[in-house]
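Written below as C-alpha cells is the structure these notes are about.
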Amino acid sequence: MSSLITELPKIIERGKKEAERILDNLSKKNKITLQTNELVLPTKAKGGLFSFTGQSVKEDVKKELLNRLIYGDNLLTMQALLAGDPQTGLPSMRGKIDLIYIDPPFDSKADYRTKIHLPATDIEAMPTVIEQHAYSDTWKNGTVSYLEMMVPRLMLMRELLSERGSIYVHIDWHVGHYIKVIMDEIFGKENFRNEIILEKTGKNYSESEYMTVMPSRHDVLLLYAKTAVVKVLAGKMDILDIDKENATRTHLKKYEALVKDLKGMDEDSGGIYYWHSFIAPQSRPSMDYELFGKKAPAGSHWYWVEERTKRAIKNYELSREIEKNKDLSQEEKKEKQRELVSEGILIKSSSGMPLYKVYKDGSFLVGDVWFDISTYGGGEFKTAKSPKLLKRIIELSSEPNSIVADLFAGSGTTGAVAEKLGRKWIMCDLGKPACMVMRKRLIDQDAKPFLYQSIGDYQKEQFEKSAFRTIGDLSHVIINLYGALPFPLQDGVPNNLGYDKRTKTLIFVDSPSKMTGYNTLRKAQELRAGFMGGWDKVVVLGWNFVTDIGKVLENIKDDKLEVLVIPADLLDQLKTKASYETLIKTGKIKFSSLQYVTIKPIKVKQGKETDEVEVELDNYTLLSPDALPLDQKNKEKLEEVMGQDPLSLIEYWSIDPDYDGETFRSKWQDYRQNTDNDGNQYRVIKKVKLEVPKVKGKRKVCVKAVDVFGFESVAVQEIK
0 MSSLITELPK IIERGKKEAE RILDNLSKKN KITLQTNELV LPTKAKGGLF SFTGQSVKED
60 VKKELLNRLI YGDNLLTMQA LLAGDPQTGL PSMRGKIDLI YIDPPFDSKA DYRTKIHLPA
120 TDIEAMPTVI EQHAYSDTWK NGTVSYLEMM VPRLMLMREL LSERGSIYVH IDWHVGHYIK
180 VIMDEIFGKE NFRNEIILEK TGKNYSESEY MTVMPSRHDV LLLYAKTAVV KVLAGKMDIL
240 DIDKENATRT HLKKYEALVK DLKGMDEDSG GIYYWHSFIA PQSRPSMDYE LFGKKAPAGS
300 HWYWVEERTK RAIKNYELSR EIEKNKDLSQ EEKKEKQREL VSEGILIKSS SGMPLYKVYK
360 DGSFLVGDVW FDISTYGGGE FKTAKSPKLL KRIIELSSEP NSIVADLFAG SGTTGAVAEK
420 LGRKWIMCDL GKPACMVMRK RLIDQDAKPF LYQSIGDYQK EQFEKSAFRT IGDLSHVIIN
480 LYGALPFPLQ DGVPNNLGYD KRTKTLIFVD SPSKMTGYNT LRKAQELRAG FMGGWDKVVV
540 LGWNFVTDIG KVLENIKDDK LEVLVIPADL LDQLKTKASY ETLIKTGKIK FSSLQYVTIK
600 PIKVKQGKET DEVEVELDNY TLLSPDALPL DQKNKEKLEE VMGQDPLSLI EYWSIDPDYD
660 GETFRSKWQD YRQNTDNDGN QYRVIKKVKL EVPKVKGKRK VCVKAVDVFG FESVAVQEIK
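Quick note: the sequence shown uses numbering that gives the first Met the number 0, first residue 0, plus one each step.
Right under this line is the structure:
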C-alpha cells in the first residue's frame, strides 16, 4: 500500500477534477437547486392569544437578503449556492461570502447517536441512513477518504469567498498537517495567514507519570485569505472577558497578575481601574497637609503633581488642570482635592488612608495562541463551539452586513453569533437533529426571518450519478427489492410496473424526479381497475411526496390503495452490482408507510377587522418503526408511544395562517424545550388561538409538523 505522502498529490488531483466538473456543470439545465421548506418568521409560542395584527414583518423581503439554514450534503449545497436559481430569485453566491468557518469532523469513531427524551421514556436513535453512508464514505479508507472528501469542498469554498474573504478551518492533530498542505495548494501558500492555537481547557487530564503520548491540549485554526490584499485585523481582547473558569492554570496566573487590585469598570469612561495608595516616598513640606483627617506618615508625602499620577489619570483634562495648579496654595490644593473626592477619584480606605483611582489599559493584542477562550460551549452537542470563540473570529474577519458561512454547522453557534453581531449568515449540515436544533435556537433568540432549505431533487441527482441508464431499469430493481416481479419489457406495458401473483397486487414505482400526489394515485387506481384484467390491490412506491399527501389520502379513502416510501438513501446503496445482490439476499430494504399529521376542524371567531382562528393538532401517524434507525429495544419503546401518545413525537410545529399554496411562511412556532408556553419541555402545546387580519374569500391554513426523527409532514385546511 502506498504511503499517504505518495497518495497526497493524487488525492489533490482527483479532488480538483471533481471540483472542476462541478463548476463546469453549474450552467447546465439540470443543475442542483435548493428548495425552500420554510420561510421562518420567528414567533415563539408563549401562551395565550397571539395576535398578528400590527406586526411589521416584511414578507416581501428579497430572498437573497435572507439568512439561510440548509439541510443536506454541503457539496451539493455549495453547488446550488454557486449556481443560484433565477426561477426563485436566489442569486449565485459566488464571490459574495466574506468569512467561512468550518469545523469538519475529525474522527471516524465519533458516536453520532441521538438520545430522544419523551414524556414517558427515552429512545436512542442512530443517524439517518444518509448520514451513516456519508460518515462511512468519509472514513472507509481512513485518512485518504477524509482528505478526498475535503479537497473538492475546500475548492468550492474558495469560489464562494469574496476577494476580501478569509476562511478558518478548525482542526486537530489527526489530519491538521495534511489539511495545511492541501490548503497551501488550493489557496496559495502566500495567502496563509496564521496557525492559531486553541488551548483546550478541560481539567480532567491523566496525572499518570507514564503515558504512551502526552495529553493533547490544543486544537488548531488554519487561517487563509482569498487574496494577497486581505489583511489580518489587529484585534484586542479585554482582560475582563477572559473565561476564568476555562483558562488553563498557567494563563490563569497571568490573568490574575493582570487584574490584581482591579475593582471594576468605570461607567463614564469605560476604563478599567484599581485603587492605588496616595502615599509617596520622601518628605515634602508643600504636600504635608491633612487629608481625611490624617497627615502623610513620617518621611512621606501625599501624591499630587508627580508624573506618575498624571499618567495614571485617564481624564487628561483633569491632568492638565492639576499641572496648571501645581503652584496653588495649600488651601487651594485642598479645595481641588475635595473636588476629586466628590468626583470619586480620591477615596478614604477602610484604614482611613487615602486611595486614588488609577486607570489601566485593560486589553491586550490578540496573538496566535488563544488561551483565554473555551473552545467548546456545551449544549445539545458535545462538540458545540463556544460563542466567545466565534465572536472573536467573526469580529476579526468580517464587517457588519458581511455574509458569514458555516458548512459543517453542527449546533449553529456560527449563525447564532453572526445574527447577534449584525452579520448575514448561511449554515448547512447533513444531520437532521443538527438542523432541528439550529432552527429552534434561532427562533429562541428571536432571529430575523430566515429560509430553511434543503437540496431539491436529491434522488434525481443521485440517479443521474448512478449506473442506471433509464427510470425503467431502476424501477425493475426496486420492484425486485420489494419482493415482486417486474413485467417483461414489451410494447404497451409501462416499464415502472410489477406484480405479486400470490396476492394479486399491482406494484407502481414513481420516478425519483417526480412528486407523488393526487394525479399519480388516480393513475394507479385506474391501472388497478383496468390493466391486464384488473387487480385486487395496488401499491405505489414513491420517493418524494406533495406536502399535503396526508390530506390527499384522507380524501381518496381507498383501502385497496397503499402508498409506501422508497428509502431516501437507496441509490447510495445501489452503487455496485454486488451491493444490489447483497440487498436482495438480506432483504434489508424496508419500504415504510407515510408519516403525516392531521388537525381538527379549524374554528373561526369573526370580528370586524380580525378573525380569531383556533388550530388544534389531532393525530400523528409515523413511519413504520422498521424503517427508522433504531435497534429492537428502541423500536418496541416507540411502538408503545405510537399506540398511547403519538402527538408526543412532535418535535416542532408551525403555522402559516394565510398559505398561498407555494411558500410556507412559518408565522408561529412551538417546539419541545420551549417552556414559555406551558412549562413542559418534552411536549409541544396542541392548540393555539391566533388573531389574524381578515381576508377576502377563503383562507387556507397550513400546519407543518416535524417529528423527533426529523420527518416533516403538512396538513392544509381551507376555511371561509
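Every residue gets a Cβ at the ideal spot worked out from N, C-alpha and C, and that includes glycine. Quantities reported herein were computed from a predicted structural model and do not represent experimental measurements.
Look at the beta carbons and you see the region 637-644 not touching the region 400-408: under three pairs across the two are nearer than 8 angstroms. For Ala415, no beta strand (DSSP E) run applies; the uninterrupted alpha helix (DSSP H) run containing it begins and ends at Thr412 to Lys419, by DSSP. Exclusion of the five residues before and after Lys666 leaves Leu40, Thr42, Phe51, Ile654, Asp655 and Pro656 as the residues of its chain whose Cβ lies within less than 7 angstroms of its Cβ. In this chain, the alpha helix (DSSP H) harbouring Tyr517 covers Tyr517 to Gly529. Between Glu158 and the set Arg501, Asp218 and Ala82, the nearest pair of CA atoms involves Ala82. Of the residues assessed, Ile454 falls on the buried side of the cut-off, its CB having 16 or more other CB atoms within 10 angstroms. Of the candidates Gln716, Leu160, Ser161 and Leu153, the residue whose Cα lies closest to the Cα of Glu184 is Leu153. If you draw a straight line from the Cα of Lys686 to the Cα of Gln34, it comes to about 29 angstroms. Of all alpha-carbon atoms in Met149, Leu155 and Leu621, the one lying nearest the alpha-carbon of Arg20 is that of Leu155.
Taking 8 angstroms as the upper bound for CB-CB distance, Asp367 and Glu194 are in contact here, some 7 angstroms apart. Boundaries of the alpha helix (DSSP H) harbouring Asp443: Lys431 to Asp443, taken from the DSSP string.
Contact annotation, Val538 with Ile506: C-beta distance approximately 5 angstroms; criterion of less than 8 angstroms satisfied. For the 7 angstroms CB-CB criterion, Val713 and Asp547 form a contact.
Rounded to whole angstroms, the separation of the alpha carbons of Leu648 and Asp677 is 17 angstroms. Within the DSSP bridge table, the entry for His176 names no partner.
Phe277 and Trp301 have their C-alpha atoms spaced approximately 6 angstroms apart. With 16 or more other Cβ atoms inside 10 Å of its own Cβ, Gly497 counts as buried. Just so you know, the alpha carbons of Pro104 and Tyr167 end up roughly 14 angstroms apart. The Cβ-Cβ distance between Ile69 and Cys427 falls below 7 angstroms. Taken atom to atom, the span from the alpha-carbon of Gln489 to that of Asn495 is near 12 angstroms.
Under the 8 angstroms Cβ criterion, the region 592-605 counts as touching the region 695-704, having at least three qualifying pairs. Excluding five sequence positions before and after Arg283, the CB atoms of its chain that fall closer than 8 angstroms to its own CB belong to His300, given in chain order. About 6 angstroms separates the Cβ atoms of Ser397 and Arg422, confirming a contact at the 8 angstroms cut-off. By DSSP's assignment, Tyr619 forms a beta bridge with Val596. Residues of the same chain with a CB within less than 7 angstroms of the CB of Ile565, apart from the 5 flanking positions on each side, are Ile477, Leu540, Gly541, Trp542 and Phe590 in chain order. Rounded to the nearest whole angstrom, the C-alpha separation of Ala279 and Val365 is 36 angstroms. Of Gly709, Lys179 and Val694, the smallest CA-CA separation from Glu717 is found for Val694.
Rounded to the nearest whole angstrom, the CA to CA distance from Lys419 to Tyr177 is 34 angstroms. Of the residues Ala383, Val603 and Leu573, the one whose Cα lies closest to the Cα of Lys697 is Val603. Where Asn36 is concerned, the enclosing beta strand (DSSP E) starts and stops at Leu33 to Val39. Bridge partners of Thr113 according to DSSP: Ala124. Here DSSP, grouped into helix, strand and coil, assigns Gln281 to coil. Taking all protein chains shown into account, Val492 has fewer than 16 neighbouring C-beta atoms within 10 Å of its C-beta and is therefore exposed. Per DSSP, the continuous alpha helix (DSSP H) segment holding Ile393 begins and ends at Pro386 to Ser396. Rounded to whole angstroms, Thr413 and Ile402 show a C-alpha spacing of 11 angstroms. Considering only Met92, Ala483, Leu117 and Ala79, the residue with the shortest C-alpha distance to Asn24 is Ala79.
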